[in-house]
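Asker: Number 216 marks the last residue of the sequence shown (the numbering used here); no jumps. Ideal placement from N, C-alpha and C gives every residue a C-beta, glycine not left out.
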Amino acid sequence: MHRVSLGLSAIFLLIGTSFADSADDLFLQQLYPEGGKTLYCQEPFHKDSRVSVEEIYDERRLAKHFGCRSGRLCRGNKDFTEIQQDRHTRFPVTTKAELVRRRTLFGDLPANLTADTECGYKQSFQVFEPPKHAKGDIARAMLYLYDRYDLPLIGTLEMYQRWNREDPVDDEEKRRNNEIERFQGNRNPFIDDPGKADNLKGSSPLNMQFP
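#1: Does the segment 31-46 come close enough to the segment 79-98 that 3 or more CB-CB pairs lie under 8 angstroms?
#2: Could you check if F111 is buried or exposed, using at least 16 other CB atoms within 10 Å of its CB as the buried criterion?
#3: By the DSSP assignment, the beta strand (DSSP E) with Q128 in it spans what residues?
#4: With 8 angstroms as the threshold, decide whether the Cβ of G190 is near any Cβ in chain D.
#5: Using alpha carbons as the reference points, say which of Y151, T161, N191 and G141 lies closest to W168.
#6: Just the Cα atoms here: how many angstroms apart are I61 and I143?
#7: I think L148 touches L156, with their Cβ atoms under 8 angstroms apart; what is that distance to the nearest whole Å?
#8: Hey, is G41 close to the ligand GTP, as in C-beta under 7 angstroms from one of its heavy atoms?
#9: Might you give, ordered along the chain, the residues of its own chain that have their beta carbon closer than 8 angstroms to the beta carbon of L36, omitting 5 neighbours on each side?
#10: Skipping 5 residues on each side, what residues in its chain have a beta carbon closer than 6 angstroms to that of K101?
#11: Could you give the first and the last residue of the continuous beta strand (DSSP E) run that contains F133?
#12: In terms of residues, what are the limits of the alpha helix (DSSP H) holding F195?
#13: Go to E186, then tell me how far its alpha helix (DSSP H) extends in each direction, as first and last residue.
#14: Have a look at A68 and D121 and give me their C-alpha separation to the nearest angstrom.
#15: Quick check on V105: does DSSP put it in helix, strand or coil?
#16: Count the other C-beta atoms from every protein chain shown that fall within 10 angstroms of the C-beta of K127, then say buried if there are 16 or more, exposed otherwise.
#17: Please determine, among T161, D152 and R106, the residue with the shortest C-alpha to C-alpha distance to E134.
#18: Please work out which residues of its chain come closer than 8 angstroms, Cβ to Cβ, to F32, disregarding the five sequence neighbours upstream and downstream, and give them in chain order.
#19: Would you list the residues sitting across from E39 in a DSSP beta bridge?
#20: Let me check understanding here. Comparing Cα to Cα, which of F130, E177, L114 and E48 lies closest to E123?
#21: How far does the alpha helix (DSSP H) with E87 in it reach, from first residue to last?
#22: For a quick check, are the C-beta atoms of V132 and T161 less than 8 angstroms apart?
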């Protein structure tokens with residue numbers, strides 16, 4: 006009986022991994038058909054490159070918001086699935102950056118902390134500070150989730166408002182916004198009107214305990 010359980014667990018794990026890979030491949034094919042650059046490291050990739058896709062609102066905390074013990078147990082929740090698959094909050098990243106960022110909180114770290122020499126991000130005690138060129142992208146994606154789905158922020162509203170101002174919208178964000186509207190049917194209003202971020206009212210951030 007124990008062997009059967011282990012076998013079924015392995016099958017479900019493979020199915021889940023296959024599903025995730027297929028969703029990531031479709032995302033990259035739709036938004037980056039000729040390739041592009043990764044979010045944190047700005048590393049160029051081509052359409053046939055192997056590149057990871059990161060969800061700005063990590064799966065564990067999203068599942069916790071919906072009362073699930075894990076993302077897998079939340080797959081039957083249509084609201085969870087809609088948020089998880091929302092293209093406005095997914096970005097191509099290098100595998101290295103994905104592993105460093107995994108299960109960390111976005112935040113500001115001391116100026117004297119050494120940044121990664123290749124990508125410019127900082128990481129300390131499960132806090133991840135993205136490089137300046139990525140802060141605005143992350144802020145506008147997080148504020149989009151906060152505004153559209155009423156998700157609690159991971160971090161403070163003031164920080165994301167400041168990141169939004171420090172790293173203005175660029176041409177690549179505008180291109181992504183246009184393409185996402187084509188495939189998904191809606192836009193990120195904080196890219197169209199960054200000043201909208203300063204009109205948001207604060208609320209308590211998500212429980213900051215680490216998973």
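Answerer: Concretely, from the data shown:
#1: yes
#2: buried
#3: K127 to S129
#4: As a matter of chain content, chain D is missing from the structure shown, which is built from one protein chain.
#5: G141
#6: 7 angstroms
#7: Wrong, their Cβ atoms sit about 10 angstroms apart, outside the cutoff.
#8: Within the structure as shown, the ligand GTP is missing, as the structure has no ligands at all.
#9: R92, R181, E184, I185 and F188
#10: none
#11: V132 to E134
#12: P194 to D197
#13: D176 to Q189
#14: 30 angstroms
#15: helix
#16: buried
#17: R106
#18: V58, R92 and R95
#19: Bridge partners of E39: none, in fact.
#20: E48
#21: K83 to Q89
#22: no
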